[in-house]
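2 protein chains.
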Amino acid sequence: MAERRPLPPGSTIGILGGGQLGRMLAIAAARLGLRVHVYDPGAAPPAAEVCHAHTRAAFDDAAALGGFAAAVDVVTFEFENVPAATAAALAGKAPVHPPERALAVSQDRATEKGFMAELGIATAPWQAVDSLEDLRAAIARIGTPAVLKTRRLGYDGKGQARISAPEEAAGAWAAIGESPAVLEGFVAFDAEISVIAARGADGAIAAYDPGMNLHDGGILRRTTVPAPVPRGVAQEAVLTTGRILNALDYVGVIGVEFFVAGRQLLVNEFAPRVHNSGHWTIEACVIDQFAQHIRAVAGWPLGDGSRHSDAVMENLIGDEADRWEALAGDGCGLHLYGKAETRPGRKMGHLTRISPKS
Amino acid sequence: MAERRPLPPGSTIGILGGGQLGRMLAIAAARLGLRVHVYDPGAAPPAAEVCHAHTRAAFDDAAALGGFAAAVDVVTFEFENVPAATAAALAGKAPVHPPERALAVSQDRATEKGFMAELGIATAPWQAVDSLEDLRAAIARIGTPAVLKTRRLGYDGKGQARISAPEEAAGAWAAIGESPAVLEGFVAFDAEISVIAARGADGAIAAYDPGMNLHDGGILRRTTVPAPVPRGVAQEAVLTTGRILNALDYVGVIGVEFFVAGRQLLVNEFAPRVHNSGHWTIEACVIDQFAQHIRAVAGWPLGDGSRHSDAVMENLIGDEADRWEALAGDGCGLHLYGKAETRPGRKMGHLTRISPKS
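Shown next as structure tokens:
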């Protein structure tokens, strides 16, 4: 766990989680001559088809985790909700990047907002809520409209309830299962943008240009790069991301989501991993977010995040991927994740269209 | 083997040969949601780490080939010297692309030159040589300098002998092991260029811009795109490639090498597979040669071969790949093939540097 030399080609990267992010990480690692060992409870997760080894075991199986840690040179993950028990079982057995603190902060919305407040980074007005009484007090302070979000395990719009008026408090509290939550004041934003950036083992930081994200039902639909925001706003988003990376002594790729309201920039949340809104980097950059993450966790030099083209990335959700034949004929970069079962709301693939840099 | 529908995502592409070309094909297939089954006699060939299944068996093991054919939806290959016995064992059991005739033509330099002559495509002056007497007669007709090349199994400069004067005939004949050969007149070329192109199952053709190749000791060192040749020459090279593809009723990617002498274009040889001189397409195109080949053999629509950037690709041969750390810090697209053993002359990786389209 001490300062280490870059892992030489032929070393093994362990990845917790074998979904599409793990799959694209595995491909990036293979291109660099590194092996990948995926840990995933599924029988045939998407990443298993493009990696050297797959341990099929539960995330709380300490024995399997120990064997996994012993078989790899570094551990990373494709999802932020790595259980504390998993992290504990790996601790001391293999280096883990990004650091556990990044997981802890990102897993709890109240901790995350508190972390941003400590750094002096603006967020939407918020208050922790542990009861219906708390919620009523928070509404009185923050006002409506507002959004009640569970502190933990919320993603893709799940675990959230909008509150338009104070009398909706009880309904919202029930809707999120009376879980510990935060109430966030509604931000009348002009745009949502995200910064994908990496921090290397040597502390070097490389950021991609911010993209503008369009969500639908809480699921990312489209990312457009560059984001149509003033240059100063884009620059501040990158600098803010750098402060977050440094404060966490981070190694790897992070995705930070922002609300833009006029010239004001508010952090919405971050994900301590490669991010759906960074998929455009595959087509528009020589060194994409997946290669950048592998480089970082392997202790290799980062690329500089250069972009040679503008890009629009669209997710293929549910049965949208059934149009693969038409999409394949469309000249775009088409990615299908190899998921056997199509389900509504499930990310099945994406496509990226590039155009000359504006 | 009749006209077939595109193979849907989840189908399996069988690849004969698991070297770096198979590895990059496997990665391209994975991105399209297709599975790959590699057939290779090696214990741990580079492609085995990024594919769904690996059959380890000899290329003349008819039983293993039969099982392989039954397990896949289409068979392709990463090398042109597929033994006739291998092709015969697969025949009728699975569709094979590119077609057997392309293999047969490219495996024999005399057949290849005769094929070009039938199409009216210019090559260097040549004559088949089966004995030292034949060689002396060929030298008398073609003159020196000339190059004696074995008809079969020559690649990367092996199986060749230069002849500067008639009295070197016996030495050259011995040097190539007295194998059936062709004598080729020496071409005082200005440049060697290659065209990488694909033909789809529907007969559509998509070509990449020609690149200029620099060889050293018979091994490709560098490809520069675009090739610095007159526009008309580049266009003729692409059109000639199209004629070769159509004449072979080809499906898949081909690499055709040309000599350029002034405005004259001579075909040197072709390879019925993805080609080292097309690796630059990974960084400089949205749909690279590997994706294009997978699309073709799977019956999918081709991409159009568009290039968004200029590119220079350099091979990393032998211990040159030991500089991976410095190269990784250099902002280029770095590819390492995961070969355990470094040997002189062995292709261990490559790198591509792109620049704005000129």
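In order, the protein sequence lines correspond to chains A and B.
Each step along the first sequence adds one to the number in full-length UniProt numbering, with nothing skipped, and position 89 is 89.
Each step along the second sequence adds one to the number in full-length UniProt numbering, with nothing skipped, and position 280 is 280.
Heads up, the beta-carbon is just placed ideally off N, CA and C, and yes, glycines get one too.
Since we're looking at a predicted model, the values are computed, not measured.
Using only alpha-carbon positions, find the residue among the options that is nearest to residue i.
i	options	result
A/Gly349	A/Ser277, A/Gly217 and A/Val225	A/Ser277
A/Ile15	A/Pro8, A/Pro9 and A/Ala87	A/Ala87
B/Thr352	A/Thr12, A/Gln20, A/Arg31 and A/Ala26	A/Arg31
B/Lys347	B/Glu49, B/His275 and B/Glu283	B/His275
B/Glu314	B/Ala104, B/Ala201, B/Ala161 and B/Arg222	B/Arg222
A/Ala197	A/Asn246, A/Ala181 and A/Glu167	A/Asn246
B/Ala58	B/Thr76, B/Ala47, B/Pro83 and B/Val74	B/Pro83
B/Asn81	B/Gly66, B/Val74 and B/Ser106	B/Ser106
B/Pro95	B/Ala204, B/Tyr250, B/Gly218 and B/Ala321	B/Tyr250
A/Ala128	A/Ile139, A/Ala174, A/Ile121 and A/Ala122	A/Ile139
A/Gly18	A/Arg56, A/Pro9 and A/Thr224	A/Arg56
B/Asn230	B/Leu220, B/Val260 and B/Asp202	In the sequence as displayed, the identity of residue 230 of chain B is Pro instead of Asn. The option with the nearest alpha carbon to B/Pro230 is B/Val260.
Let's see if you can read the secondary structure: which residues bound the beta strand (DSSP E) around residue i?
i	result
B/Gly120	Element bounds for B/Gly120: n/a, residue is neither H nor E.
A/Val38	Arg35 to Tyr39
A/Arg199	Ala191 to Arg199
A/Arg221	Ile219 to Val225
B/Glu178	No beta strand (DSSP E) holds B/Glu178; DSSP gives it neither H nor E.
B/Pro356	Lys347 to Pro356
B/Ser309	Ser309 to Ile317
B/Gly211	Gly211 to Asp216
B/Ala188	Note, B/Ala188: premise wrong, no beta strand (DSSP E); not H, not E.
A/Leu7	Taken as a continuous stretch (DSSP letters only), A/Leu7 belongs to no beta strand (DSSP E), as it is neither H nor E.
B/Leu302	First-last for B/Leu302: undefined, no H or E at that position.
B/Gly333	Gly333 to Leu336
A/Ala207	Ile205 to Ala207
What's the gap between the Cα of residue i and the Cα of residue j?
i	j	result
B/Cys51	B/Gly211	30 angstroms
A/Pro226	A/Glu178	40 angstroms
A/Leu135	A/Ala117	21 angstroms
residue 392 of chain B	B/Ala62	Residue 392 of chain B lies beyond the range of chain B shown here (1 to 358); nothing can be said about it.
B/Tyr208	B/Asn268	18 angstroms
B/Ala2	B/Arg263	Per-residue confidence for B/Ala2 stands at a pLDDT of 43, beneath the threshold of 50, marking its modelled position as unreliable; the derived number appears in the next sentence. Their Cα atoms are separated by approximately 42 angstroms.
B/Arg199	B/Ala237	15 angstroms
A/Pro41	A/Ala69	16 angstroms
A/Ser358	B/Asp73	43 angstroms
B/Leu132	B/Phe258	28 angstroms
A/Gly345	A/Asp130	30 angstroms
B/Ala233	B/Leu265	It is worth fixing the name first, because residue 233 of chain B is Val in this sequence and not Ala. In a straight line, the C-alpha of B/Val233 is about 7 angstroms away from that of B/Leu265.
B/Leu248	B/Asp330	42 angstroms
B/Gly240	B/Gly318	For clarity, residue 240 of chain B is Thr in the given sequence; the question names Gly instead. Between B/Thr240 and B/Gly318, the C-alpha separation is close to 34 angstroms.
B/Ile205	B/Phe270	16 angstroms
B/Val297	B/Thr76	7 angstroms
B/Ala170	B/Ala43	41 angstroms
B/Pro46	B/Leu21	9 angstroms
A/Gln292	B/Gly218	35 angstroms
B/Gly252	B/Ile294	7 angstroms
B/Ala110	B/Ala104	11 angstroms
A/Trp324	B/Ala201	17 angstroms
B/Gly255	B/Arg273	7 angstroms
A/Gly333	A/Glu320	15 angstroms
B/Arg343	B/Leu153	20 angstroms
A/Glu341	B/Pro8	14 angstroms
Name the two residues that bound the continuous alpha helix (DSSP H) containing residue i.
i	result
A/Thr241	Arg231 to Ala247
B/Gly171	Ala169 to Ala175
A/Gly14	Run containing A/Gly14: none in the alpha helix (DSSP H); it sits in the beta strand (DSSP E), Thr12 to Leu16.
A/Glu325	Trp324 to Ala328
A/Leu25	Gln20 to Arg31
A/Arg295	Gln289 to Val297
Interface residues of chain E around residue i at Cβ under 8 angstroms?
i	result
B/Glu325	Given the protein chain composition of this structure (A and B), no chain E is represented.
task = Could you name each continuous alpha helix (DSSP H) segment of 4 residues or more that falls completely within the region 129-159 of chain B, going from the start of the chain to the end?
result = 132-142
query = For the region 64-106 of chain B, which segments carrying the alpha helix (DSSP H) assignment without a break, of at least 4 residues, lie completely within its bounds, in sequence order?
reply = 84-90
query = Can you give, in chain order, each stretch of the alpha helix (DSSP H) that sits fully within the region 260-287 of chain B and has at least 4 residues?
reply = 281-284
request  = Kindly confirm or deny that the region 162-169 of chain B and the region 135-145 of chain B touch, where touching means at least three C-beta pairs closer than 8 angstroms.
outcome  = yes
ask   = Should the region 94-104 of chain A be regarded as contacting the region 35-45 of chain A, the criterion being three or more beta carbon pairs within less than 8 angstroms?
value = no
message = Check whether the region 281-296 of chain B and the region 305-312 of chain B touch, using three or more Cβ-Cβ pairs below 8 angstroms as the test.
response = yes
request  = Ignoring anything shorter than 3 residues or poking outside the region 37-62 of chain A, list the beta strand (DSSP E) runs there in chain order.
outcome  = 53-55
message = Quick test of the definition: if touching needs 3 or more C-beta pairs under 8 angstroms, does the region 213-221 of chain A touch the region 181-196 of chain A?
response = yes
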